[in-house]
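Here is the structure we will look at.
Residue numbers (the numbering used here): 430 to 684.
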């Protein structure tokens, strides 16, 4: 990993991107920006629900947030998924290219002021991918084009071990959306703890539910953790259609 330049953390507020950020900070990487993409419709590349809360989470974390608004990519069977993934990546890559130029200019200005000799720009990107080659290969390609490193501490690690590590570190993780057999309305708003993990492992055996929800079976929001100064307090209503559901956040504040 390079020490030259700033690190950028792809951040949705969910557990995986939050863990990647936390591990980067633990490793001493100089994370200067969080970057949140706000998908308008269905997405192959990004975490979708409640990304509007990323700004509040970033305030608690104390790192500046860059928000990216991509085009509306509604699921369309006529569009090849690989093409859609590439299309979805374009606004993110454009935003990071612009950020890289901005950070480089800031670094050059600082070098001129103190006589130091640094490179500036983006040194690397953190990502919370666990098993998705679809997402990871595209982010790797983007990092290659940007000339920066990729830090993906969850990649191909054991799901239960990762979940246990998150809980051991003090992450408070709330389930905000479910869409899989075995996950009923009672899971909405539930905090992931050891009991919940045991149930998810049982659902994995019975239905194939991924323990970390890597297949989109559930989505999460980290409301507290060691990287956050203040806890997120949520008010919400539950929406359930009989097979899937989500929390509709009506208010969110920092305690």
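The beta-carbon is built from N, C-alpha and C at its ideal position, and this holds for glycine as well.
Handout entry: Cβ separation of residue 417 and residue 626, assumed to be a contact under 8 Å, to the nearest whole Å
Key = Because the chain in this structure spans residues 430 to 684, residue 417 falls outside the shown range and cannot be described.
Handout entry: the stretch 442-452 / the stretch 610-617 touching (three or more Cβ pairs under 8 Å)
Key = no
Practice task
From the DSSP output, in three-state form, read off residue 585 for me.
Solution key: Within the chain shown, numbered from 1, the residue matching residue 585 stands at position 156. Residue 585: coil per DSSP, three-state reduction.
Problem - alpha helix (DSSP H) segment containing residue 565, residue limits - result: Along the chain shown, one-based indexing puts residue 565 at 136. 562-575 is the extent of the alpha helix (DSSP H) around residue 565.
Handout entry: Three-way DSSP call (helix, strand, coil) for residue 613 in this model
Key = Residue 613 sits at position 184 when you count from the first residue of the chain shown. Three-state result, residue 613: coil.
Problem - residue 498 (DSSP reduced to helix, strand or coil) - result: For the purposes of this step, residue 498 is taken as residue 69 along the chain shown, with counting starting at 1. Three-state result, residue 498: coil.
Exercise for the section: Quick one: residues in its chain with C-beta nearer than 7 Å to the C-beta of residue 436, no 5 flanking neighbours on either side, listed in chain order? Expected result: Here the question's residue 436 lines up with position 7 in the chain shown. Correct list, in chain order: 453, 458, 459, 460, 461, 552, 553, 555.
Exercise for the section: May I ask you to verify whether the stretch 571-578 touches the stretch 518-525, counting CB pairs closer than 8 Å and requiring at least 3? Expected result: yes
Exercise for the section: Would you grab the beta carbon distance between residue 499 and residue 517 for me? Rounded to a whole angstrom, and I think it's under 8 Å. Expected result: Position 70 of the chain shown, counting from 1, holds the residue named residue 499. Position 88 of the chain shown, counting from 1, holds the residue named residue 517. Rounded, the Cβ-Cβ distance is 6 Å, consistent with contact.
Practice task
Could you have a look at residue 446 and say whether DSSP puts it in helix, strand or coil?
Solution key: One-based indexing of the chain shown puts residue 446 at position 17. DSSP places residue 446 in helix when its eight states are reduced to three.
Practice task
Throw me the rounded Cβ distance for the residue 494 and residue 484 pair, which I believe falls under 8 Å.
Solution key: Along the chain shown, one-based indexing puts residue 494 at 65. Along the chain shown, one-based indexing puts residue 484 at 55. About 6 Å; that satisfies the 8 Å criterion.
Problem - Boundaries (first-last residue) of the alpha helix (DSSP H) holding residue 489 - result: The count along the chain shown starts at 1 and reaches residue 489 at position 60. Its alpha helix (DSSP H) spans residues 483-490.
Exercise for the section: Please classify residue 643: does DSSP put it in a helix, a strand, or coil? Expected result: For the purposes of this step, residue 643 is taken as residue 214 along the chain shown, with counting starting at 1. The answer is coil: DSSP assigns residue 643 none of H, G, I, E or B.
Problem - Simplified DSSP state of residue 670, which is helix, strand or coil - result: Locating residue 670 in the chain shown gives position 241, where the first residue counts as 1. Of the three classes helix, strand and coil, the one that applies to residue 670 here is coil, per DSSP.
Exercise for the section: Could you tell me whether the stretch 631-638 touches the stretch 600-616, where touching means 3 or more Cβ pairs closer than 8 Å? Expected result: yes
Problem - Proximity below 8 Å, CB of residue 438 to CB of residue 464 - result: Taking the first residue of the chain shown as 1, we reach residue 438 at position 9. Taking the first residue of the chain shown as 1, we reach residue 464 at position 35. The answer is yes: Cβ separation under 8 Å.
Exercise for the section: Measure the beta-carbon distance from residue 383 to residue 586 and round it to whole angstroms, keeping in mind my assumption that it falls under 8 Å. Expected result: No answer is possible for residue 383: the residues shown for the chain start at 430 and end at 684.
Handout entry: residue 626, DSSP secondary structure in three states
Key = Within the chain shown, the letter at position 197 stands for residue 626. Looking at residue 626 - three-state DSSP - the assignment turns out to be helix.
Problem - Contact check, residue 622 vs residue 596, beta carbons under 8 Å - result: Along the chain shown, one-based indexing puts residue 622 at 193. Along the chain shown, one-based indexing puts residue 596 at 167. Going by C-beta atoms, residue 622 is nearer than 8 Å to residue 596.
Problem - Residue of 441, 580, 607 minimising C-alpha distance to residue 670 - result: For the purposes of this step, residue 670 is taken as residue 241 along the chain shown, with counting starting at 1. Of the candidates 441, 580, 607, the one whose C-alpha sits nearest the C-alpha of residue 670 is 607.
Problem - Beta-carbon gap between residue 682 and residue 662 smaller than 8 Å - result: Counting from 1 along the chain shown, the entry for residue 682 is found at position 253. Counting from 1 along the chain shown, the entry for residue 662 is found at position 233. Contact flag set, yes.
Handout entry: Residue from 589, 590, 564, 593 whose Cα sits closest to the Cα of residue 581
Key = Along the chain shown, one-based indexing puts residue 581 at 152. Cα-wise, what sits closest to residue 581 is 564.
Exercise for the section: Apply the 10 Å Cβ neighbour rule to residue 530 and answer buried if 16 or more other Cβ atoms are within range, or exposed otherwise. Expected result: The residue you call residue 530 lines up with position 101 of the chain shown. With fewer than 16 other Cβ atoms within 10 Å, it is exposed.
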